[in-house]
Structures are given as C-alpha cells and as structure tokens.
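Novice: In order, the protein sequence lines correspond to chains A and B.
Residue numbers 1 to 129, in our numbering, belong to the letters of the first sequence in order.
Residue numbers 130 to 258, in our numbering, belong to the letters of the second sequence in order.
For glycine and all other residues, C-beta sits at the position ideal for the given N, C-alpha and C.
In this text the structure is predicted, and so the values were computed from the model without any measurement.
To start, I am sharing the structure in question, which I have written as structure tokens.
2 protein chains.
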Amino acid sequence: MGEQLQDHDLSEILKAVSDPTRRSLLTTLVQEGPLRVTELAGRYAMSLNAVSKHIKVLEAAGLATRRTMGRVHLIEANLDPVRSVDAWFGELRSIWELRLDRLGEVFSEGTRNNERSVTDAKKDDPGAG
Amino acid sequence: MGEQLQDHDLSEILKAVSDPTRRSLLTTLVQEGPLRVTELAGRYAMSLNAVSKHIKVLEAAGLATRRTMGRVHLIEANLDPVRSVDAWFGELRSIWELRLDRLGEVFSEGTRNNERSVTDAKKDDPGAG
DNA sequence: GCTATATTCAACCAAATGGGTGAACAATTG
DNA sequence: CAATTGTTCACCCATTTGGTTGAATATAGC
C-alpha cells in the first residue's frame, strides 16, 4: 500500500486549494459534514453552476467525494490528499535542514560571502538523494 | 507573533507551488542553496525568460528571495511561507476532528440514526437565493 | 569605449480558469 | 402525466497563465 506521490496529483491538489472559494467550500464541508450542492451554493454570491464546477475541481483532486442519493448529491470533504502535500513540504524541509547541517554554523555570521563555507563542508558529503 | 493568515497570501503561496516547474525550482534551491537565474534556467527545457518569470512568482509568494550582486541575481529559497500552508491544513484537520468528536457525543446520548442530522436539516433550511 | 554576459521588460500567443446563462437531464411529488 | 426540484452540460466571455521571441538595461572585462 504505497502512496504513489505523483507529481500530477500534487499539482492538482495544490491548485484545487489555491482558490479561496474552494478553500472556503472545503472548510464548510469539513466543519458541517456532507452537504448538498444547492446548500453549499446558497452560501456564496455566485451561481449554482460556478459552485458546482468548484466542487468538481475538489473532487478531481480527491478532496471531496460525492454520494448521489436520488437527485440529491451529497458532497463530503476528504482530507486524505492533504497528506501528500504535507509529505512534499516535509521532504522539502528535511532537504533544507540537511544542507544547512552540511554547511555548519559558519554560515550564521553573515549572508554576503558564502563561498568558503561550501568548500569547507565538502569533507562530509553523504549525497542523500 | 500571530500568524495573520491573509487569504490572499495563502492563495499566492499555494498557486506558486501548484506548478511542477516551480516546485522543481524550489527543490533545487533548497538542496543546492542560492543559485543564479542562468544556472537555474540551464536545468530546464524552457527559455531563460520563462524560468525568470517562475522565479518572480516564487518571489511574490515569499518562497524565494533575491540578492543582486552586480549583474548576477542570487536566488535563494525561503520556506517560511510554508508555515502558513501548514497552519491552514492543520486548522482544517482540527475542525474535522472537532466535528467528529461532536458526532461521537451525539451517539452516546442515545441517537440511533447516524445521518439524521444532515438529511433532516432540510426543515431548517434558510433558503438559497 | 566596445563587447560580452546576466537579467528583465514588452509584446504576443494558445490554453486554462473562473464566472455567467440557458437548456437538458434526473428524480420526486401532486 | 405534469410540475417542481436538484444538478449537470454546453456555450460564451474576460482574465490569467505559461510559454515564446526580441529589445532593453546593467554590469564586467578587454
């Protein structure tokens, strides 16, 4: 059961939550539980169709799921994909700290001249992928 | 120091990292430290100008900073804004768990129908539009 | 001063995005 | 069946986006 961190998925998730309306929708769903499309749309100063489209984007990103019950579509939030985002940012941070470790504390004296500290850190290069 | 989580900033940060090229740029900067625009651009199958624009987007989001040294612009990653993203997702998660907790309380009070509150909320509908 | 290098600015283009409207489809109800 | 309700589909429109190219600006070196 590996989580295949596909670049495309990550882009889709991040793009989905980069829109304030969609973030708001997601928050609403998270705090109130599954809601109908119309109920959701009623809270925004935009057309039902616009909200419907936003929901589709959330669905495509895996951040929302739909349970169709008759003519009513119940939309529910799903925060699982957020873990992919966390994972990516986490990885970024550890790469960052790894490099800072290699550089050592020599760097903290000033940010203008860094050439020498780099060569200094070369003695202990693990080459972490 | 409160995190004055401006919606606009969050959107800008998320949109910035929603592009795979920009994520790649950020990763490169994080693992290799400050780099010149040309050096960065040389790693991508796109024009220097395209990369230059991507860098600007990262800068605008606060994810990269620029130190101009003569004609050379050193671009450096800055992961601080990521904390805003973490904060938002974290908030979302706690809201989620809070609601689940509330649902649990309702159950232990002797309610027998699990989805009643959602579907039944129709009678309390304020009316969209 | 001239030339080469590093980078941005400006204009342009195709595609994607966020929004709107009206019609269509699906399901419930009288 | 007909009417109503919930939702999507198909278009249209303006703006943004990601990319291109060519010119402009700034600095470095001969």
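Which residues does DSSP pair with A/R66 in a beta bridge?
Specialist: In the first sequence, residue 66 of chain A corresponds to position 66, counting from 1. BP columns for A/R66 point to A/I75.
Novice: What do you reckon, are the CB atoms on B/V211 and A/L14 nearer than 8 Å?
Specialist: Along the second sequence, read from residue 1 onward, the residue named residue 211 of chain B stands at position 82. Along the first sequence, read from residue 1 onward, the residue named residue 14 of chain A stands at position 14. Not closer than 8 Å, so no.
Novice: Using CA atoms only, rank isn't needed, just tell me which of A/E76, A/E39, A/S52 and A/A64 is closest to A/E12.
Specialist: What you label residue 12 of chain A is simply residue 12 of the first sequence in a count that begins at 1. When only C-alpha atoms are compared, the closest one is A/A64.
Novice: Once you ignore the five residues that flank B/L169 on each side, which residues in its own chain have a CB closer than 8 Å to its CB?
Specialist: In the second sequence, counting from the first residue as 1, residue 169 of chain B sits at position 40. Cβ neighbours of B/L169 beyond the five flanking positions: L154, T157, L158, V180, I184 and I204.
Novice: Mark A/G33 as exposed unless 16 or more other C-beta atoms lie within 10 angstroms of its C-beta, in which case mark it buried.
Specialist: In the first sequence, counting from the first residue as 1, residue 33 of chain A sits at position 33. That one is buried.
Novice: Quick one: what's got a C-beta closer than 8 Å to B/L177's C-beta in the same chain, skipping five residues either side?
Specialist: In the second sequence, counting from the first residue as 1, residue 177 of chain B sits at position 48. The residues are V166, T167 and A170.
Novice: Report the rounded CA-to-CA distance for A/D80 versus A/V72, giving the unit in angstroms.
Specialist: The residue given as residue 80 of chain A occupies position 80 in the first sequence. The residue given as residue 72 of chain A occupies position 72 in the first sequence. Taking the straight line from one Cα to the other gives about 24 Å.
Novice: Closer than 7 Å between beta carbons: that is the criterion. Which residues of the segment 177 to 203 of chain B meet it against chain A?
Specialist: Hits within the stretch: zero.
Novice: Only counting the same chain, and skipping five residues up and downstream in sequence, which positions put a Cβ closer than 8 Å to that of B/P149?
Specialist: Here residue 149 of chain B corresponds to residue number 20 of the second sequence, with the count starting at 1. Excluding sequence neighbours, B/P149 sits near nothing in its chain.
Novice: What's the call for A/A60, buried or exposed, on a 16-neighbour Cβ count within 10 Å?
Specialist: The residue labelled residue 60 of chain A in the question sits at position 60 within the first sequence. Under this definition A/A60 is an exposed residue.
Novice: In the DSSP assignment, find the unbroken alpha helix (DSSP H) run with A/D101 in it and report its ends.
Specialist: Locating residue 101 of chain A in the first sequence gives position 101, where the first residue counts as 1. That run of the alpha helix (DSSP H) goes V82 to L103.
Novice: When DSSP builds the beta bridges, which residues end up paired with A/L35?
Specialist: Indexing the first sequence from 1 puts residue 35 of chain A at position 35. Partner(s): A/I75.
Novice: How long is the line joining the alpha carbons of B/W217 and A/A77, rounded to whole angstroms?
Specialist: Position 88 of the second sequence, counted from the first residue, corresponds to residue 217 of chain B. Position 77 of the first sequence, counted from the first residue, corresponds to residue 77 of chain A. So the two alpha carbons sit approximately 15 Å from each other.
Novice: Does any residue of chain B have a CB that is nearer than 8 Å to the CB of A/P81?
Specialist: For the purposes of this step, residue 81 of chain A is taken as the residue at position 81 of the first sequence. Judged by the 8 Å Cβ criterion, A/P81 is not in contact with chain B.
Novice: If A/S84 sits next to A/D9, beta carbons under 8 Å apart, how far is it from one beta carbon to the other, in whole angstroms?
Specialist: For the purposes of this step, residue 84 of chain A is identified with residue 84 of the first sequence, where counting begins at 1. For the purposes of this step, residue 9 of chain A is identified with residue 9 of the first sequence, where counting begins at 1. A/S84 to A/D9, Cβ: 6 Å. Contact.
Novice: Report the neighbours of B/T156 on chain A: residues whose CB is nearer than 8 Å to its CB, in chain order.
Specialist: As a position in the second sequence, residue 156 of chain B is number 27, starting the count at 1. L92 and I95, listed in chain order.
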